[in-house]
Amino acid sequence: MVAASGPGGAALSWNVASDLRQVLAFHFMVNALRAGTIVAVAAAVIGWFMVLRRQSFAGHTLAVVAFPGAAGAIWLGVPAAFGYFGFSIAAALTIAAAGGISRGGEGFTEESAVTGTVQAFALACGFLFVTLYGGFLGGLTDLLFGTFLGITDTQVLSLLVLTIVALALLAITGRSLFFATIDPAVAAARGVPVAVLSVLFLVVLAVAAAEVSQITGALLVFALLVMPAAAAQQLTARPSLSLAITVVIALAVTWLGLGVAYFSVYPVGFFVTTFGFTAYVAAVIVRRGVDRLGGHTKSPSLVVAQ
Amino acid sequence: MTVAAARRLQSQAAPPPPKQPDSAPAVLARNAAITIGGRQLWSDVDLDVAAGEFVAVLGPNGVGKSTLVKAVLGLLPLSRGHLTVLGVPPGKAATRIGYLPQRRSFDAGLRVRGVDVVRCGLDGDRWGLPLPGMSRFSGRARAAAARVEEVLDLVDASEYAARPVGQVSGGEQQRLLIAQALVRRPELLVLDEPLDSLDLPSQASVAGLIARISQAEQVTVLLVAHDVNPILPYLNRVVYLATGGAVSGTPAEVITSETLSRLYQTPIEVVHTSEGRLVVVGQPEAPSLHSDHHAGRMYR
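Heads up: the protein sequence lines correspond to chains F and X, in order. Here the first sequence is numbered in my numbering, starting from 1333 and rising by one per residue. Here the second sequence is numbered in my numbering, starting from 28 and rising by one per residue.
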């Protein structure tokens, strides 16, 4: 059987080396791999904290917000990236501000209500912008489900700069952010600026979500933000190790997804998401097996019942 | 070389440092009062906690015990009176205090080990990122890891410290959190309801652990509780807060039917068991001035 042919008119063979050569022969593909690598590392690290902080819903919203951002930017005739980052960061500050005002003690339920409100409004705005622009349905699919075509050198460079800034912020605040995440009350008593860190992290998360949505599309951001981190945290409770595994999974998923998408007619977001999902399911199965073999006397459900 | 021997060596090499006055009380309050939102929670509170003592702050829910803790930590100002902590105004001594806030337990799905929670207590407020494997190169990282292990041993938590913290029992979580509060060698340990939400055997063993640490580590313990019975055998001193005022003294002085009944304005009986233990019966769950909803539960 002959494999489906992709955008380059390429055909997949069993010779991996020649396949690789074929992929790397095109500049747009090299740029896609560069951008994918940068985005995968950023999404993995930031997503790891997001999963630990139970802020996946906020992450999803910030990613969905990238859609009206991009649609609005295209309608106004400015580069889509401005829309992505502008809208995501604005949404992050909105969620942080609303969460901060309403937070009495444990404000997580309140935060998710605010987050949902922001998400619904953002989607409505996105639909309005698409209607105002008047028919760019092909572009709409790319916005929602991602594309790896036409990533320019400038875009790669700006992704790199943003990622370095975001990761540097996390490197500086990492230890206190970890403390504030798992034990906010004690961290606050120790003088850790818990509220400031929370806002800062949401902004960093917004940057990551906007970056990722340029590759996987606004709806499939979870493929890179959540799945690798969730899979790694299933595999180990050791923080540094699970962070490393997260990055490895994210890179593997991205490279595989881009490679397969090149030889196929289907969007890259589908493949990245499918591989991410596979990694997560595999991690859950491995953990179940380890728990059973490892002879943990208490299953998690038993502890909950106590 | 023992610590004492090291101290001797040091004192031979250099003139002895000026001796700290050991008698400086850990907590000293005179006529203290706190007002929150125009409502006076309590007033005329006198508190004397000597260094090394195990003191309980008792009283029904909602009377302002946690507020007293916040005042000691320097997070809330007094509206009247005078308070010093470890010889200095509250807030100046924050780094010398280990604090365990009132809390629910960790989420069962939290995939972080107990040892990581304890480690946060040591250096979680620092900037930067802990790098794995640093103990091979850096003496400070090695010392930090050793201190965490030591304090885990102290609370008997080494066995389950490598397991995800959400999957150990409530009593085990409480031991890990006590280790977290202790890891920086505080002079004063402030524990807000550490026995809350534990089953009875865990209450007894955690109470015994706190008493043992208080003696072994020479650390003063200020423990907030609404039920005195599990900690009663270990206490040097109790402070009873109630809407009617506050009374402090040794357990024998304060925990009498007469004093408690006067304090709560409701009949309370203190029973001596055959083993010579005191048991408080009919302790109200909430201030008697509160709504009928609470009053209905009072004699349960």
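Backbone N, C-alpha and C fix where the C-beta goes; we use that ideal spot for every residue, glycine too. Note that the structure is predicted; figures quoted are calculated from it, not measured.
Would a C-beta distance cut-off of 9 Å place residue i and residue j closer than the cut-off?
i: A252/X; j: P87/X; result: no
i: A1500/F; j: S1444/F; result: no
i: L55/X; j: D75/X; result: yes
i: T277/X; j: A78/X; result: no
i: F133/X; j: N263/X; result: no
i: F1533/F; j: G151/X; result: no
i: G1478/F; j: L1552/F; result: yes
i: R66/X; j: Q1566/F; result: no
i: V210/X; j: Q200/X; result: no
i: G1589/F; j: A1555/F; result: yes
i: A1424/F; j: L1394/F; result: yes
i: V1488/F; j: A1367/F; result: yes
i: A1582/F; j: A1376/F; result: yes
i: F1480/F; j: A1593/F; result: yes
i: L68/X; j: G91/X; result: yes
i: A206/X; j: A184/X; result: yes
Just curious, the beta strand (DSSP E) that residue i is in, first and last residue?
i: M1598/F; result: The question names Met, but residue 1598/F in the sequence shown is Tyr. Y1598/F -> no beta strand (DSSP E), and no H or E assigned at all.
i: S301/X; result: Here S301/X belongs to no beta strand (DSSP E), and DSSP marks it neither H nor E.
i: R329/X; result: No statement about residue 329/X is possible, as the shown extent of chain X runs from 28 to 327 and does not include it.
i: G1506/F; result: Element bounds for G1506/F: not the beta strand (DSSP E) but the alpha helix (DSSP H), D1485 to I1514.
i: V1524/F; result: V1524/F -> no beta strand (DSSP E), and no H or E assigned at all.
i: F81/X; result: F81 to L85
Report the rounded CA-to-CA distance for residue i versus residue j, giving the unit in angstroms.
i: V1371/F; j: D226/X; result: 48 Å
i: A1374/F; j: A1422/F; result: 20 Å
i: A1521/F; j: Y126/X; result: 8 Å
i: A238/X; j: Y261/X; result: 6 Å
i: G154/X; j: P1525/F; result: Reading off the sequence, residue 154/X comes out as Trp, not Gly. Looking at the two C-alpha atoms, the distance is approximately 11 Å.
i: V1639/F; j: V217/X; result: Lying before the first or after the last residue shown, residue 1639/F is absent from chain F, which here runs from 1333 to 1638.
i: A171/X; j: V306/X; result: 42 Å
i: R1570/F; j: V144/X; result: 11 Å
i: V1536/F; j: V274/X; result: 52 Å
i: R57/X; j: L113/X; result: 15 Å
i: V265/X; j: E186/X; result: 34 Å
i: T1610/F; j: T1578/F; result: 14 Å
i: I295/X; j: S232/X; result: 27 Å
i: A1398/F; j: P228/X; result: 53 Å
i: I1496/F; j: I1378/F; result: 12 Å
i: L1384/F; j: G1409/F; result: 38 Å
i: R123/X; j: L203/X; result: 19 Å
i: L103/X; j: R212/X; result: 24 Å
i: T1605/F; j: S1508/F; result: 31 Å
i: K119/X; j: L179/X; result: 28 Å
i: L287/X; j: V281/X; result: 7 Å
i: A1563/F; j: R1353/F; result: 31 Å
i: A329/X; j: V297/X; result: An answer regarding residue 329/X cannot be provided, because it is not within the stretch 28 to 327 covered by chain X.
i: Q292/X; j: E285/X; result: 10 Å
i: L1492/F; j: T1505/F; result: 20 Å
i: H1359/F; j: F1461/F; result: 32 Å
i: I258/X; j: G1523/F; result: 30 Å
i: L250/X; j: D1623/F; result: 37 Å
i: I1347/F; j: F1602/F; result: Note that residue 1347/F corresponds to Asn in the displayed sequence, not to Ile. Those two C-alpha atoms are separated by around 24 Å.
i: I1617/F; j: S196/X; result: 24 Å
i: R1435/F; j: A1498/F; result: Low confidence applies here, because R1435/F scores a pLDDT of 44, under 50, leaving its location unreliable and the question unanswered by this model.
i: A1584/F; j: A1561/F; result: 13 Å
Give me whichever residues DSSP pairs with residue i in a beta bridge.
i: G125/X; result: L216/X
i: D75/X; result: L55/X
i: L110/X; result: A56/X
i: L1475/F; result: In DSSP, L1475/F forms no bridge with anything.
i: I61/X; result: W69/X
i: T21/X; result: Nothing about residue 21/X can be read from this structure; chain X reaches only from 28 to 327.
i: G136/X; result: The partner list for G136/X (beta bridge, DSSP) is empty, contrary to what the question assumes.
i: V115/X; result: V112/X
i: S275/X; result: V266/X
i: A252/X; result: L85/X
i: V1579/F; result: The partner list for V1579/F (beta bridge, DSSP) is empty, contrary to what the question assumes.
Name the two residues that bound the continuous alpha helix (DSSP H) containing residue i.
i: V142/X; result: G141 to D150
i: L1556/F; result: F1554 to L1557
i: A279/X; result: P278 to V281
i: L1551/F; result: Where L1551/F is concerned, there is no enclosing alpha helix (DSSP H), given that its DSSP letter is neither H nor E.
i: T21/X; result: For residue 21/X there is no data in the structure shown, the boundaries of chain X being 28 and 327.
i: R289/X; result: S284 to Y291
Output yes if chain B places a C-beta closer than 9 Å to the C-beta of residue i; else output no.
i: P128/X; result: In the structure shown, chain B does not exist; the protein chains are F and X.
Closer than 8 Å to a non-hydrogen atom of the ligand MN - does that hold for the CB of residue i?
i: C1457/F; result: Within the structure as shown, the ligand MN is missing, as the structure has no ligands at all.
Next item on the list: List in chain order: all unbroken alpha helix (DSSP H) runs of 4+ residues lying wholly within the stretch 179-228 of chain X.
Entry: With a minimum length of 4 residues, the unbroken runs of alpha helix (DSSP H) contained wholly in the stretch 179-228 of chain X fall at 197-209.
Next item on the list: Jot down the residue ranges of each uninterrupted alpha helix (DSSP H) in the stretch 1334-1395 of chain F, minimum 4 residues, whole runs only, in chain order.
Entry: Uninterrupted alpha helix (DSSP H) stretches at least 4 residues long and entirely within the stretch 1334-1395 of chain F occur at 1348-1356 and 1359-1384, given in chain order.
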